[in-house]
Structure formats: structure tokens, C-alpha cells
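Protein chains in written order, with this note's numbering: chain A, 838 to 994; chain B, 1408 to 1686.
Ideal placement from N, C-alpha and C gives every residue a C-beta, glycine not left out.
Quick caveat: nothing in here was measured; it's all calculated off a predicted structure.
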Amino acid sequence: MQTLESILVGHPFFKELKPQYLQLITGCASNVRFNAGTYMLREGAEASQFYLIRHGKVALEIPAAQRGHITIETIEAGEVLGWSWLFPPYRWHFSARVVEPVRAIALDGTCLRAKGEEDHDLGYELMKRVAHIMMERLQATRMQLLDVYGVGARGGL
Amino acid sequence: MIANVPDPMLPQLFRVQRVRREIPDTFTLELEPEEGVEIPPFASGQFNMLYVFGVGEIPISISGDPARRRPLVHTTRAVGTVSKAMRALKPEDVIGVRGPFGSHWPIERALGKDVVIVAGGIGLAPLRSAMYQIISHREKYGKVVLLYGARTPEDILYRREVEHWPAHFDLEVYVTVDNATGKWRGSVGVVTRLIPRAPFDPLNTVAMICGPEIMMRFTAAEFEKRGVATESIFVSMERNMKCAIGQCGHCQYGPHFVCKDGPVFQYSHVQDLLTKWEI
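Pasting the structure below:
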């Protein structure tokens, strides 16, 4: 059976993290499961955790009048769900609906923030990793905004 | 003695067998040659010049199976005068065809390797021929992965085939859309986000990309991040073409002519040109 620590070390988010930090972080981690159709996060609710997705698919969505729920993006195995736990006022900006049953590691954001405050090297390491995800998602969102397949677009002959 | 080679500037006459609507504004044209006209062999990724008489001529990639030349199949989007006139054609109408022209997808080079095909929007059309070829010799390749990005679920091209392929052949298909409402259960996000998720060996992979130029640039960059060499990445370029034989210069792209040296290029040969504003 895999231990929490071995699962964490195998997730891309914690790739090549120093073993002593991994040990600290394991203290803030727990295994969780979510069924399809349930919500892992609710817009406006307190952002006290984030998730390393191991299996399944989650849709980040926002309700829009007359258009139903619009999915911004899906988060899948090997990816990270949630960064609002790191920034005041610690509230979710979107909701996360489970599309395919999810197995994940939940990380207690309050616990990690406290550890990051105590040890700034750990805090910086976490901040860099979250910032990297934010940068990648921002790039993807920019490309989404370009609407490259929009009216008149070709692509290939 | 002068060989009996057809004049590449002279259109051959074909008759429309069927015009099939694929998705809004995109259609497939199935053509049969007039009596006495041969369909020449073609390779996946090559294109023909299709001439709507009295309107004009445009380049369109062949999207059918190179092993089954009849009917001659092209899929395109109705975006300009000629392609809109083409969409309005009816069975039995006559159309002119020149070709095939240009370079092709590196099907032989991919033998024994993992193959990752990335298509964006209508970019799946020029890659479908490659899919057919690979599927028909599936045992000669490693992992075969198709990553396909469309604007919305309603814009997924060749939807039935895309759903059929993974169920009937040993290959993996990942589809994502840029925009979706609650009913869509697939992935949402740009196609580049599928690359870190896809199973392939970066050191033993050939990647083939076709879609809007911006999408291809970002996709190639993601492949590089995963460790795929730029020499193993191939892109299909699009430029205005007239003669299709490298004479008129309309499709000049830096030192290349897209019609003759392309449309399929090794990424390392055009990588620097893709970010040059002047070209």
C-alpha cells in the first residue's frame, strides 16, 4: 500500500521537493474521494484546502444567467486544484464540480501557510510551485481568449 | 523522348459525388474523376488545387485515405469566396483539380516510434489521412495518441470517427474544447494542456501538428518542454497559393515556398520564422 508521502513524492506538484519538506507537508495531507456530480469547491466558500488530483476529472465552473454553468477548464490527474488558500481573503473564486470520480490528496492550506511562515524557504518553495501553475494556467487562458478556432480561422490548408 | 507527364497547371475534370456538411461552416467534398482522368497517388499531408470554374482556385489538403483514392476527399471551411461557392456545389457539378502537391507527413520516419498527432479545429482534416495510414499499419508504431482541440463540443470535426478510433484501434484519443456548458463531460481547456497528460516517450516520439499558427507554436513549445527534439516535430503551414509548384512566389515563407517545400515542415526549419512579424 502506498503511503501518503510516497503519493506526494510521485505527484508532479511536489517533484524534486527536498525530503525534509515532504515530511512536513505530509502532516498537512489526507486522502480524499469525491463522487461524480458532487462539488469539491464552492464559489465564495472559505478556501482552506487544495487538492492534488490523482484520478478523475473536475470542472471549474461559474454560473452565468441564461447560459447555465460555464466550464472554464477541467482539472485532471496529475494536476492541482485550488490556489485561493494561499491568498487573502481565502475564498474560492469558482466552483469545482466532479465530472468523473476523483481520488485526490487534500492539503490543509491553513496548516501549510503556518509552516511556510515558520520556514520561509519552504514558503518560497511552495509559492514558486503555485506561481508556476498560475503562469501555465494564465498562458492557457490567454490562448483560450485568442479564440484561435473562431469565425474565419483555417488552420492547415 | 518527352515523357507523358500531365501539365501541373492544367486542371483535371472531376465531378462532385457528394457535399457533406460536417459541422457549421465546414464541409467535405467527395469527387470522382471524369472518364479518362486518373487520380494520381497522394501522400497524407499533400494538397490539391481545387478550381470552381468562374470563381477561383484554392489549395485544400486531401483528407481521405491514401490507400483508397476514390472518391477524392477534401474537407474545408467556407470562409472565402471560393470555399463558399464550393460549399454550394451539387452532385454532378464539375470542378477542376490540380495536384497532388507539396510535402507529406513523416509516416515512414515515425515507424517504430510513438506518434502524437495534435490537431486544432479544422486542422484535423489534413491529419486524418495520416491517421488512416497509421491505423492501417498500427503494429508498426509504438503508442499512437491523437490530441484534438475544438472551439466547442459542436465544433468537433469527424466526431463519429474520433469516437470510433479509440474503441476499435489501439490508440488513445484525447479531446478538449475551449468553451463548454454543463452538458459536456469531456475536457475543457486549450489543446496544449493535453500534452503533459498524454502518454508517450519524448525521446522516441514523432509529433505531427496542424491547426492555427498560434496553436501550433504553443503546441510545439509544449513538446519541447516535455523533451521532444524539434527535429521530431512537424507542422503544416498555410499561406496563399497560386501556382502550387514554387514558381509564382505567392506562398514564399522566408527561404521556403510553402507549396513546394511544405506544407508539412520539420519544426526546426521554420521555428525561427514563426515569430518573425515581417514574414
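Exposed unless 16 or more other CB atoms sit within 10 angstroms - verdict on residue i
i: residue 1744/B; result: In the structure as shown, chain B starts at 1408 and stops at 1686, and residue 1744/B therefore has no counterpart that could be examined.
i: residue 1521/B; result: buried
i: residue 965/A; result: exposed
i: residue 961/A; result: exposed
i: residue 894/A; result: buried
i: residue 908/A; result: buried
i: residue 1684/B; result: exposed
i: residue 971/A; result: exposed
i: residue 884/A; result: buried
i: residue 1577/B; result: exposed
i: residue 1618/B; result: buried
i: residue 860/A; result: exposed
i: residue 1647/B; result: exposed
i: residue 847/A; result: exposed
i: residue 1575/B; result: exposed
i: residue 1644/B; result: buried
i: residue 863/A; result: buried
i: residue 1686/B; result: exposed
i: residue 1610/B; result: exposed
Presumed contact (8 Å Cβ cut-off) between residue i and residue j, rounded CB distance
i: residue 922/A; j: residue 887/A; result: 5 Å
i: residue 875/A; j: residue 896/A; result: About 12 Å separates the two Cβ atoms, so there is no contact after all.
i: residue 1476/B; j: residue 1446/B; result: 4 Å
i: residue 1481/B; j: residue 1436/B; result: 5 Å
i: residue 934/A; j: residue 1588/B; result: The pair is not a contact, with the Cβ atoms about 12 Å apart (cut-off 8 Å).
i: residue 955/A; j: residue 932/A; result: No, residue 955/A and residue 932/A are not in contact; Cβ-Cβ is about 32 Å, not under 8 Å.
i: residue 957/A; j: residue 880/A; result: Contact flag wrong, Cβ pair sits at about 31 Å.
i: residue 1390/B; j: residue 1453/B; result: There is simply no residue 1390/B to check, as chain B begins at 1408 and stops at 1686 in what is shown.
Between the CA atoms of residue j and residue i - distance to the nearest angstrom
i: residue 858/A; j: residue 843/A; result: 13 Å
i: residue 1636/B; j: residue 1674/B; result: 9 Å
i: residue 869/A; j: residue 973/A; result: 26 Å
i: residue 1569/B; j: residue 1682/B; result: 32 Å
i: residue 1530/B; j: residue 1552/B; result: 16 Å
i: residue 1641/B; j: residue 1615/B; result: 5 Å
i: residue 1430/B; j: residue 1494/B; result: 12 Å
i: residue 1634/B; j: residue 1413/B; result: 44 Å
i: residue 1560/B; j: residue 1534/B; result: 19 Å
i: residue 1469/B; j: residue 901/A; result: 41 Å
i: residue 995/A; j: residue 867/A; result: In the structure as shown, chain A begins at 838 and stops at 994. Residue 995/A is therefore absent and cannot be evaluated.
i: residue 1473/B; j: residue 1544/B; result: 13 Å
i: residue 855/A; j: residue 953/A; result: 14 Å
i: residue 1496/B; j: residue 994/A; result: 19 Å
i: residue 1424/B; j: residue 1503/B; result: 14 Å
i: residue 1564/B; j: residue 1528/B; result: 7 Å
i: residue 918/A; j: residue 1668/B; result: 45 Å
i: residue 1562/B; j: residue 1571/B; result: 17 Å
i: residue 889/A; j: residue 1655/B; result: 56 Å
i: residue 1486/B; j: residue 1508/B; result: 22 Å
i: residue 833/A; j: residue 1557/B; result: Within the shown structure, residues of chain A are numbered from 838 to 994, placing residue 833/A beyond reach of any answer.
i: residue 1670/B; j: residue 1629/B; result: 21 Å
i: residue 951/A; j: residue 853/A; result: 22 Å
i: residue 937/A; j: residue 878/A; result: 15 Å
i: residue 1505/B; j: residue 1566/B; result: 29 Å
i: residue 981/A; j: residue 1602/B; result: 16 Å
i: residue 1586/B; j: residue 1596/B; result: 7 Å
Contact with chain B by residue i, beta-carbon distance below 7 Å
i: residue 977/A; result: yes
i: residue 841/A; result: no
i: residue 994/A; result: yes
i: residue 986/A; result: yes
i: residue 883/A; result: no
i: residue 874/A; result: no
i: residue 910/A; result: yes
i: residue 905/A; result: yes
i: residue 895/A; result: no
i: residue 936/A; result: yes
7 Å Cβ cutoff, residue i in contact with chain A
i: residue 1600/B; result: yes
i: residue 1597/B; result: yes
i: residue 1451/B; result: no
i: residue 1718/B; result: Past the boundaries of the shown model lies residue 1718/B; chain B is included only from 1408 to 1686, so the question cannot be answered.
i: residue 1456/B; result: no
i: residue 1568/B; result: no
i: residue 1588/B; result: yes
i: residue 1585/B; result: yes
Practice task
Please name the residues in the region 1544–1564 of chain B whose beta-carbon is closer than 7 Å to at least one beta-carbon of chain A, in chain order.
Solution key: 1557, 1558 and 1562
Handout entry: Proximal residues, the region 952–981 of chain A versus chain B, C-beta separation under 7 Å
Key = 977, 980 and 981
Exercise for the section: With 7 Å as the C-beta to C-beta threshold (strictly closer), list the residues of the region 1459–1476 of chain B near chain A in chain order. Expected result: Across the region 1459–1476 of chain B, CB contacts with chain A closer than 7 Å involve 1466, 1467 and 1468, in sequence order along the chain.
Problem - Contacting positions in the region 1517–1546 of chain B - beta carbon closer than 9 Å to chain A - result: 1526, 1527, 1528, 1529, 1530, 1531, 1532, 1533 and 1534
Problem - Interface residues of the region 1617–1633 of chain B facing chain A [CB-CB below 7 Å] - result: Result list: 1617, 1618, 1619, 1621, 1622 and 1625.
Problem - Contact set between the region 1659–1683 of chain B and chain A, restricted to residues whose Cβ is under 7 Å from the partner - result: 1670
Practice task
May I ask you to list, following chain order, the residues of the region 1422–1442 of chain B that have a beta carbon less than 9 Å from some beta carbon of chain A?
Solution key: Cβ proximity to chain A below 9 Å picks out 1432 from the region 1422–1442 of chain B.
Problem - Residues from the region 1638–1652 of chain B in contact with chain A, defined by Cβ distance under 7 Å - result: 1643 and 1645
Problem - the region 1481–1498 of chain B: positions lying closer than 7 Å to chain A by Cβ - result: 1484 and 1486
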